[in-house]
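Below: one structure, written as structure tokens.
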Amino acid sequence: DDFSNVLEHLGQADESQIDTALAERDVIAPGPQVTPEVINRLKM
């Protein structure tokens with residue numbers, strides 16, 4: 050089924066595909082509830 054197909058291919062991308070996906074994303078400022086401490090924890 051479709052879900053199994055997604056799971057099979059999940060996490061399989063080469064470096065150029067990852068670079069392309071990251072280049073296409075919208076960069077937005079975090080909301081006021083997202084503190085610098087939260088951002089630092091997410092970066093770890």
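Residues are numbered in the numbering used here as their position in the sequence shown, beginning at 1, plus a constant of 49. A virtual CB, placed ideally from N, CA and C, is assigned to each residue, including glycine.
Beta-carbon proximity list for residue i, same chain, < 7 Å, skipping 5 on both sides
{"i": "L56", "result": "none"}
Bounding residues of the alpha helix (DSSP H) (the contiguous stretch that carries residue i)
{"i": "Q66", "result": "64-73"}
{"i": "I88", "result": "85-92"}
{"i": "L56", "result": "51-58"}
Contact test: residue i Cβ vs the ligand FAD heavy atom, cutoff 7 Å
{"i": "R74", "result": "Questions concerning the ligand FAD fall outside what the structure shown contains, since it holds no ligand whatsoever."}
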